[in-house]
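All residue numbers for the sequence shown refer to this note's numbering, where the first residue is 44 and numbers rise by one. Please read the structure below before turning to the comments.
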Amino acid sequence: MNRYPLWKYIIIVAALLFGVIYTLPNFFGESPAVQISSGKATLKVTHETMGPVEEALKKGNMKAEAILFEQLGTQGTVRARFPDTDTQFKAKALLEKELNPDSNDPSYIVSFNLLPNTPKWLQTLHAFPMYLGLDLRGGVHFLMQVDSRGVMNKRMQGLQSSVRTMLREKNVRHAGIARTGDKIEINFREPETRATAKNVLADQLSDVLLTDTGDMKLVVTLKPEALKTTLDDGVKQNITTLSKRVNELGVAEPVIQQQGADRIVVELPGVQDVSRAKDIIGRTATLEVRMVDEAVTPGTELTSDVPFGSELFKVGRGAPVVLYKEPVITGDYISSAAASFDQNQQPAVSIDLSGDGGRKMREATKNKIGKNMAIVLFEKGKGEVLTVATIRDELGSRFQITGMGTAERANDLALLLRAGSLAAPMEIIEERTIGPQLGAENIKKGFDSVMYGFALIAAFMVIYYMLFGFFSVFALAVNLLLLIAILSSMQATLTLPGMAAIAFTLGMAIDANVLINERIREELRAGNSPHAAIAAGFERAWATILDSNVTTLIAGIALLVFGSGPIRGFAVVHCLGIVTSIFSSVFVSRGIVNLWYGRKKKLESVSIGTVWKPTT
Numbered sequence: 044m045n046r047y048p049l050w051k052y053i054i055i056v057a058a059l060l061f062g063v064i065y066t067l068p069n070f071f072g073e074s075p076a077v078q079i080s081s082g083k084a085t086l087k088v089t090h091e092t093m094g095p096v097e098e099a100l101k102k103g104n105m106k107a108e109a110i111l112f113e114q115l116g117t118q119g120t121v122r123a124r125f126p127d128t129d130t131q132f133k134a135k136a137l138l139e140k141e142l143n144p145d146s147n148d149p150s151y152i153v154s155f156n157l158l159p160n161t162p163k164w165l166q167t168l169h170a171f172p173m174y175l176g177l178d179l180r181g182g183v184h185f186l187m188q189v190d191s192r193g194v195m196n197k198r199m200q201g202l203q204s205s206v207r208t209m210l211r212e213k214n215v216r217h218a219g220i221a222r223t224g225d226k227i228e229i230n231f232r233e234p235e236t237r238a239t240a241k242n243v244l245a246d247q248l249s250d251v252l253l254t255d256t257g258d259m260k261l262v263v264t265l266k267p268e269a270l271k272t273t274l275d276d277g278v279k280q281n282i283t284t285l286s287k288r289v290n291e292l293g294v295a296e297p298v299i300q301q302q303g304a305d306r307i308v309v310e311l312p313g314v315q316d317v318s319r320a321k322d323i324i325g326r327t328a329t330l331e332v333r334m335v336d337e338a339v340t341p342g343t344e345l346t347s348d349v350p351f352g353s354e355l356f357k358v359g360r361g362a363p364v365v366l367y368k369e370p371v372i373t374g375d376y377i378s379s380a381a382a383s384f385d386q387n388q389q390p391a392v393s394i395d396l397s398g399d400g401g402r403k404m405r406e407a408t409k410n411k412i413g414k415n416m417a418i419v420l421f422e423k424g425k426g427e428v429l430t431v432a433t434i435r436d437e438l439g440s441r442f443q444i445t446g447m448g449t450a451e452r453a454n455d456l457a458l459l460l461r462a463g464s465l466a467a468p469m470e471i472i473e474e475r476t477i478g479p480q481l482g483a484e485n486i487k488k489g490f491d492s493v494m495y496g497f498a499l500i501a502a503f504m505v506i507y508y509m510l511f512g513f514f515s516v517f518a519l520a521v522n523l524l525l526l527i528a529i530l531s532s533m534q535a536t537l538t539l540p541g542m543a544a545i546a547f548t549l550g551m552a553i554d555a556n557v558l559i560n561e562r563i564r565e566e567l568r569a570g571n572s573p574h575a576a577i578a579a580g581f582e583r584a585w586a587t588i589l590d591s592n593v594t595t596l597i598a599g600i601a602l603l604v605f606g607s608g609p610i611r612g613f614a615v616v617h618c619l620g621i622v623t624s625i626f627s628s629v630f631v632s633r634g635i636v637n638l639w640y641g642r643k644k645k646l647e648s649v650s651i652g653t654v655w656k657p658t659t
């Protein structure tokens, strides 16, 4: 009656092996390390780089516990592990000195890092520890404010260009198109032409409002819903761009999410070299190619009046210079960017454009041979002229930005452009660094809460249900083991809310065993034999356990779908915990009971605590 077939025990053993193997890496901890990456586009970090690193450490009488090579996307890195943070700091200073003879033009970037101590045999099985969130591991937190006016500026510039093109294609003559704030004003000479233009624009632009005025003007404005969509799309584009930049940094499990209408939260767990992260994340570069306004005589830019539709730039190579506000192309059309060298072997950035970008560039330059064109980099709303060059021939899908000065500057600019342009400038309005010491304290507190909670539950169950209480505790331990193993195999990020969900799952999981044990007691009180009571107890408790867990799972899925940040972290662990608790408290628990009692044909009693029979 209470026997499991062999295949069920094989499943339990396989689950236990999986749990042990994939939980083990979390107990080996992490060691301080330094990471060596390339500081120049012409220099690649490979396996051979480990040799100079080892020689440099020997020169300073330092020995690394391990020196490893790792490929992170297109970038290779070498990491050296050390026994303590003091050695780590000394090694960083030594490697920066030995690997970079010219401190003004470093070949390698040496930064702090952490390495897991997982044995190689576990790594070959792809068993790695869980990633730890910012509150457990330490790291850096940025809150960034998107410039909503910058988003609207780009949108209105594009709309103004579209209106001009549509009217030209339909041969609708106008007396000038001007932009005033968030409005585009089109002047006409005849009411009939204005009416025709209104019909043309109404047919092709569904997200604008067209308003007639009494002075032969047609005013074009965006609808309120279009304004909101424009800002939302700008924030989403910035989030995508920031994600690509963070990937270039090689940060594991970063958090990049929207907060409110125009703010973005960036969390980089485990990052100790904050200045490097801030330099890449905080740089909000957008690239524009603009034509030089030759109505202004060269040399008189600072004293002459700036023509309408143009803008004066005072900073950069070739400045001061007056450029048209409307760009030829923007960073949106860049398909790839790489640091390189120009014909004089000076650092440069080679840029490839998409098909549309190449077409726009050809159309803009084919009739302007001998004219000047500038490339402008915008950071935090301020433009810097990278170069002003004379167009010698029709340009296509490829060109170079020269005059970068250093290879490191060229490499960083290529990284930013390769990651895509931002829809609008951003500013870091809050920066918070969480040290690893605070993270270690949080880990200890979270671990203690789970351990003490488990110990108290185990003590109660064994005292109250005796041997069946021990079976329940074993099933609870399997539940905890499987939950941590699944999170580790998924390489999930564990945060404080996640640890709270683990402790919460323990309390919920033991509830199923309490139901089973009480059902068995009820069957014994009714006069059933021990074997019959065990079988009926598990079968009748199953429906109640399933109902209660499914309803709780629905609540967890709702948190996962509609929640964000820490709430989603809690929901993920909570939902996984429900699945593992059903498996362990029913399947594993029944297997242990069957293994212990099922071999006995004549079972006189079971150890399940005091069974009080009702008096007649």
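Using N, Cα and C, we set each Cβ at its ideal position, and we do this for glycine too.
For the beta strand (DSSP E) containing residue i, name the first residue and the last one.
| i | result |
| --- | --- |
| PRO390 | 390-396 |
| GLY620 | Element bounds for GLY620: not the beta strand (DSSP E) but the alpha helix (DSSP H), 609-625. |
| LEU311 | 306-312 |
| ILE299 | 298-302 |
| TYR367 | 364-367 |
| LYS425 | 425-433 |
| THR476 | 469-477 |
Would you mind stating whether residue i and residue j have Cβ atoms separated by less than 8 Å?
| i | j | result |
| --- | --- | --- |
| ALA269 | ASP250 | yes |
| MET187 | ARG333 | no |
| THR128 | MET105 | no |
| ASN522 | SER628 | yes |
| ALA579 | ASN571 | yes |
| PRO540 | PHE605 | no |
| LEU524 | THR120 | no |
| MET504 | ILE553 | yes |
| GLU310 | GLY103 | no |
| PRO159 | PRO68 | yes |
| PRO95 | LEU142 | yes |
| ARG475 | GLU437 | no |
| ALA76 | LEU177 | no |
| GLY400 | ILE372 | yes |
| ALA170 | ILE79 | no |
| VAL428 | PHE490 | no |
| GLY634 | TYR47 | yes |
Got a sec, what are the start and stop residues for the alpha helix (DSSP H) residue i sits in?
| i | result |
| --- | --- |
| LEU177 | 177-180 |
| THR538 | It is not in any alpha helix (DSSP H) - THR538 carries neither H nor E in the DSSP assignment. |
| LEU670 | Any property of residue 670 remains undetermined from this structure, which presents the chain solely from 44 to 659. |
| ARG633 | 632-640 |
Quick check on DSSP: helix, strand or coil for residue i?
| i | result |
| --- | --- |
| ARG696 | Outside the shown range of the chain (44 to 659) lies residue 696, about which nothing can therefore be said. |
| SER492 | helix |
| ARG360 | coil |
| MET93 | helix |
| ALA575 | helix |
| ALA417 | strand |
| ALA84 | The predicted position of ALA84 is uncertain, since its pLDDT is 46 and thus under 50; a value taken from the coordinates is nonetheless stated next. In this structure, ALA84 counts as coil in the three-state DSSP scheme. |
| ILE588 | helix |
| VAL349 | coil |
| THR284 | helix |
| ARG333 | strand |
| ARG46 | coil |
| LEU186 | strand |
| LEU168 | coil |
| ILE372 | strand |
| LEU355 | strand |
Which partner residues of residue i appear in the DSSP bridge assignment?
| i | result |
| --- | --- |
| ALA109 | ARG124 |
| GLU73 | PRO159 |
| THR653 | None, per the DSSP bridge assignment. |
| MET195 | For MET195, which the question treats as bridged, DSSP gives no partner whatsoever. |
| ILE377 | LEU396 |
| MET551 | Note: MET551 sits in no beta bridge, so no partner. |
| TYR508 | Paired residue(s): none; TYR508 is not in a bridge. |
| ILE79 | VAL121, VAL153 |
| PHE384 | PRO390 |
| PHE442 | ILE394 |
* Asked: Unbroken beta strand (DSSP E) runs of length 3 or more, entirely within the stretch 119-164: which are they?
  -> Positions of the beta strand (DSSP E) runs, each at least 3 residues long and wholly inside the stretch 119-164, are given as 151-159 in order along the chain.
* **Continuous alpha helix (DSSP H) assignments of at least 4 residues falling wholly in the stretch 198-281** => 234-247
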